[in-house]
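Numbering (the working numbering), first residue to last: 969 to 1351.
From the three backbone atoms N, C-alpha and C, an ideal C-beta is built for every residue, glycine too.
Remarks on the structure that follows.
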Ligand code: NAD
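Given below as structure tokens:
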């Protein structure tokens, strides 16, 4: 079977769905690999890097889509800026496309893929079960975002992160508050601790206390009995009273800490608004908020998704939504590893198939041979 990797066309997207390392892996699995000219250039992989490991460079996207059986992408198919037509229209019947799709938010895209008669698998719909962790791009990209959030915060913060005793004077460590301790939040805690900051974290799921504490963070709590974790292990919308108490805690903390990183999300819901104007107004001049929930509307009411702003009291609010793309070599490496694990689940070489009895495939399959099979209510149980 043949695999093709086009150059991403979403503006500013630097990632690529295959690295030279993953090409080696795919070839070992029995696939032949075709890469569009300059597909990896923004992730620092040259055409030569790919040809050295046995891939074939194809000059145009049109040619690539015509040639291969399986297409690996990062961003969901969209209008190609060069050809002025939808990437789905460039696909051939029965082709298999694997990329982010966000099917619940993208019914029009599913229709395009249906019209094209392809099979489409959404990397953002890989079931979040232990066995599928190796394929889970939401986790690998969240890890990168959590790391980068701290690096960005440190970049805007006008003091040291770590405490120091120097001949010129004693410097206190920065205090960092992390709101939401899922995959991204835990990565932020690890990074901020690594840089020497004092770290506090809050989450509605009490199960994360141990993880926060084992990383050297302090787990903050509110004085109200309510569990934020559903039986499936996910977070739920909390009661108004709980959110009110939580916001009081953040308002008090905001006066003391230097950096706040927010990552609070509830599956399929807009991000909860947790930092209001008066909380930001109470922060010290020079403080930084990095809102990793910006893409889902933001945890801070002042966040401008995709932008970094400075408030009148000197607080920088980072609402950038492209941290994985900013670390394109790293994110492409992890994304392509996730893809290779998925391909491996689909059977090597001649045995390759879209086997729906495999729960990982079943959970992420959105279009099967031109038929929309995506169902927002379909769940694969947590194991
Ligand atoms: P997420 O990105 O959906 O949410 C981030 C965090 O925000 C969560 O920890 C959530 O509890 C928290 N949150 C929600 N509302 C909040 C509020 N009002 N205040 C404070 N915090 C709030 O979460 P995620 O990173 O996708 O991870 C969620 C869970 O799923 C974790 O336990 C993780 O270990 C688990 N997980 C399992 C797998 C797997 O088994 N394959 C993969 C990924 C994640």
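Check: residue i C-beta below 7 Å from any heavy atom of the ligand NAD
i            : result
residue 1166 : no
residue 1096 : yes
residue 1291 : no
residue 1214 : yes
residue 1211 : yes
residue 1240 : yes
residue 1151 : yes
residue 1332 : no
residue 1172 : yes
residue 1203 : yes
residue 1196 : yes
residue 1231 : yes
residue 1147 : yes
residue 1235 : yes
residue 1101 : yes
residue 1106 : yes
residue 1058 : no
residue 1183 : no
residue 1091 : no
residue 1110 : yes
residue 1206 : yes
For residue i, the three-state DSSP class (helix, strand or coil)
i            : result
residue 1334 : strand
residue 1268 : strand
residue 1122 : helix
residue 1107 : helix
residue 1096 : coil
residue 1309 : helix
residue 1351 : Because residue 1351 sits at a pLDDT of 46, beneath the cut-off of 50, its placement in the model cannot be relied upon, and the following sentence gives the value as read from the coordinates. Note: residue 1351 maps to coil in three-state DSSP.
residue 1063 : coil
residue 1317 : helix
residue 1167 : strand
residue 1082 : helix
residue 1234 : coil
residue 1246 : helix
residue 1132 : strand
residue 1151 : helix
From the options, residue whose alpha carbon lies closest to that of residue i
i            : options                   : result
residue 1167 : 1130, 1199 and 1192       : 1130
residue 1204 : 1236, 1227 and 1092       : 1236
residue 1198 : 1159, 1182, 1174 and 1118 : 1174
residue 1314 : 1015, 1100 and 1010       : 1100
residue 1141 : 1176, 1162 and 1148       : 1162
residue 1206 : 1196, 1215 and 1000       : 1196
residue 1324 : 1201, 1318 and 1336       : 1336
residue 1240 : 1225, 970 and 1259        : 1259
residue 1098 : 1334, 1339, 1342 and 1328 : 1328
residue 1385 : 1013, 1210 and 1182       : Beyond the ends of the chain as shown, which are 969 and 1351, falls residue 1385; an answer cannot be given.
residue 1055 : 1084, 1263, 1074 and 1273 : 1084
residue 959  : 1001, 1036 and 1014       : Residue numbering for the chain in the displayed model covers 969 to 1351; residue 959 lies beyond these limits and cannot be assessed.
residue 1294 : 1225, 1264 and 982        : 982
residue 1106 : 1117, 1093 and 1115       : 1093
residue 1275 : 1103, 1287 and 1283       : 1287
residue 1338 : 991, 999, 1053 and 1082   : 1082
residue 1253 : 1225, 1265 and 1029       : 1225
Close Cβ partners of residue i (< 7 Å) along its chain, the five nearest in sequence each way excluded
i            : result
residue 1290 : 980
residue 1034 : 1060
residue 1279 : 1248, 1270 and 1285
residue 1232 : 1147, 1148, 1239, 1240, 1242, 1261 and 1267
residue 1372 : Here the chain covers residues 969 to 1351 and nothing more, so residue 1372 does not appear.
residue 1077 : 1044, 1045 and 1069
residue 1333 : 1089, 1322, 1324 and 1341
residue 1025 : 1003, 1005, 1015, 1018 and 1019
Close beta carbons around residue i, own chain, < 8 Å, minus the five adjacent residues each side
i            : result
residue 1119 : 1159
residue 1109 : 1292, 1299, 1302 and 1303
residue 994  : 971, 986, 1001, 1308 and 1311
residue 1217 : 1170, 1188 and 1190
Any non-hydrogen atom of the ligand NAP within 7 Å of residue i CB
i            : result
residue 1177 : Absent from the structure shown: the ligand NAP. Ligands present: the ligand NAD.
Residues near residue i in its chain [Cβ-Cβ closer than 6 Å; skip 5 each side]
i            : result
residue 1064 : 1038 and 1087
residue 973  : 985, 986, 1003, 1007 and 1040
residue 1297 : 1011 and 1012
residue 1345 : none
residue 976  : 1042 and 1043
residue 1250 : 1222 and 1223
residue 1144 : 1160, 1165, 1167 and 1227
residue 1330 : 1324
residue 1170 : 1147 and 1188
residue 1320 : 969 and 1314
residue 1343 : none
residue 1153 : 1146 and 1231
residue 1177 : 1187
Below-8 Å beta-carbon distance, residue i vs any chain C residue
i            : result
residue 1045 : Absent from the structure: chain C. Only one protein chain is present.
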